[in-house]
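What follows is a single structure, written as structure tokens, with notes after it.
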Amino acid sequence: MESMNIDDGLGARHPAEGSEPLPVATAAGCEAEQFPVPAGCENGWPLLDLARQLVTQGKPSLALQAQVVMAIKSAGGDQAVRQTLLRAQELYINRVRADAAADELASVFAECAIAEAQPPNPVLPPPLEQINATNPTLLQDASDTSILAQSGRMQIMLDAFADGSSFVCLKCGGLVSNHRKDEHFMYWCG
Numbered sequence: 001m002e003s004m005n006i007d008d009g010l011g012a013r014h015p016a017e018g019s020e021p022l023p024v025a026t027a028a029g030c031e032a033e034q035f036p037v038p039a040g041c042e043n044g045w046p047l048l049d050l051a052r053q054l055v056t057q058g059k060p061s062l063a064l065q066a067q068v069v070m071a072i073k074s075a076g077g078d079q080a081v082r083q084t085l086l087r088a089q090e091l092y093i094n095r096v097r098a099d100a101a102a103d104e105l106a107s108v109f110a111e112c113a114i115a116e117a118q119p120p121n122p123v124l125p126p127p128l129e130q131i132n133a134t135n136p137t138l139l140q141d142a143s144d145t146s147i148l149a150q151s152g153r154m155q156i157m158l159d160a161f162a163d164g165s166s167f168v169c170l171k172c173g174g175l176v177s178n179h180r181k182d183e184h185f186m187y188w189c190g
């Protein structure tokens, strides 16, 4: 490819033969100088102008894409552009698939790590919702094992069931405040 300018070795640049002037924008955005355009390169200038406009609009990636497409097209034509775009699409799809597989594998590893980190589940009594004060079997069991029931104070147990502030421990038969449930199972019936 011809050079647009010829360097004379002293830092001065001179137009190459057979070229026409090219407007160049300054930092302020107005045309200041005219540089020569090499012969045979005129068809790419509209794309360069488009690239400049895209850069000015804050879209440098799109400008780069336009220049890459222009370079591929000038080297191999429309068929080369089509092949390059298909190859890029194929690489992108393969990368997305690989990323999805890696994400799935990472998810499985995370689940395994979480399962390993969780302590084994201790045997807990049934939830309070399952203990019903009107259940005659439960009250009969509680009256057989509870100190309150054995001492004739069954009404205290019934009242505690009714207001929901306490429960009867099925292991020891004791009437336990809901606020002390964890401590009871940990230190008394654990």
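The sequence shown begins at 1 in full-length UniProt numbering and counts up one residue at a time.
Beta carbons: idealized from backbone N, C-alpha and C, even for Gly.
Asked	Found
Ignoring anything shorter than 4 residues, give me the alpha helix (DSSP H) runs that lie fully in the UniProt domain "C2HC zinc finger plants" (145–189), in order along the chain.	147–150, 154–163
Please state whether the Cβ-Cβ distance between I72 and A80 is less than 8 Å.	yes
How would you call M186, buried or exposed, if buried means at least 16 neighbouring beta carbons within 10 angstroms?	exposed
Could you have a look at G76 and say whether DSSP puts it in helix, strand or coil?	helix
Can you tell which of D163, H184, H179 has the C-alpha that lies nearest to the C-alpha of G173?	H184
Report buried or exposed for A51, applying the criterion of at least 16 other Cβ atoms within 10 angstroms of its Cβ.	buried
Leaving out the 5 sequence neighbours to the left and right, which residues in its chain are closer than 7 Å to V176 when beta-carbon positions are compared?	S166, F167, C169, H184
Checking 8 Å against the spacing of the C-beta atoms, do A66 and L54 come in under that value?	yes
Indicate the three-state DSSP secondary structure (helix, strand or coil) for Q53 in the structure shown.	helix
Go ahead and pull the three-state DSSP assignment for P38.	At P38 the pLDDT is 43, less than 50, meaning the model places this residue with poor confidence; the figure from the coordinates comes in the next sentence. Three-state DSSP puts P38 in coil, outside helix and strand.
Can you have a look at A98 and say buried or exposed, based on whether 16 or more other CB atoms are within 10 angstroms of its CB?	exposed
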